[in-house]
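In the numbering used here, the protein residues as written are 23 to 189.
Don't be surprised by glycine CBs; every beta carbon is placed ideally from N, CA and C.
Accompanying notes for the structure given below.
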């Protein structure tokens, strides 16, 4: 077991375990599986931030968001990098050249955007740090589709709609 903040985590084989579970869920419930993973990850991201705030290991700030993303990367989810952050407006851009979901999809020649869990985690981090429930995250590029890096845009939903990144 690994404790991160006040959350218990475990190691999971990404290529077979996570990918296999996600594909089994998709077979059972169809294309909404991505939404299920996204929403579950939002809850996980929020819980992680709440524990980290209670233990004073992060602050409600742009640096707190960077610290959460760094922790996520250090836990093995990929080399996530905060490229842009506008904490006051709850906006950011994060990239990752080896996001765990995109990496697994690419290994299986599955060429669809894959990173619903990572999107949810990033949205959850920003929601919890800013206290805003309208924050969403959209993956605009994915290594599973052949991009050099996965690109995640975090912003209020109305801004993502205005940018035509979300409907």
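Integer Cβ distance of residue i from residue j, believed to fall under 8 angstroms
i	j	result
residue 164	residue 135	4 angstroms
Residue of the options minimising C-alpha distance to residue i
i	options	result
residue 120	79, 147, 99 and 71	99
residue 172	116, 139 and 66	116
residue 147	64, 107 and 183	64
residue 154	68, 40 and 46	68
residue 161	151, 175 and 152	175
Any non-hydrogen atom of the ligand SAM closer than 8 angstroms to residue i Cβ
i	result
residue 79	For the structure depicted, the ligand SAM is absent and the ligand set is empty, with no information on it obtainable.
Same chain, Cβ closer than 7 angstroms to residue i, five either side skipped, listed in chain order
i	result
residue 105	115, 116 and 117
residue 170	119
residue 83	109
Three-state class that DSSP yields for residue i in the structure shown
i	result
residue 48	helix
residue 105	strand
residue 161	strand
residue 114	strand
residue 176	strand
residue 90	helix
residue 36	helix
residue 181	helix
Cβ neighbours of residue i in the same chain (closer than 6 angstroms, five flanking residues each side left out)
i	result
residue 36	122 and 126
residue 142	60, 63 and 64
**OP:** Specify whether the segment 160-174 and the segment 116-129 touch according to this definition: at least 3 beta carbon pairs, one from each stretch, less than 8 angstroms apart.
**Re:** Yes, they touch.
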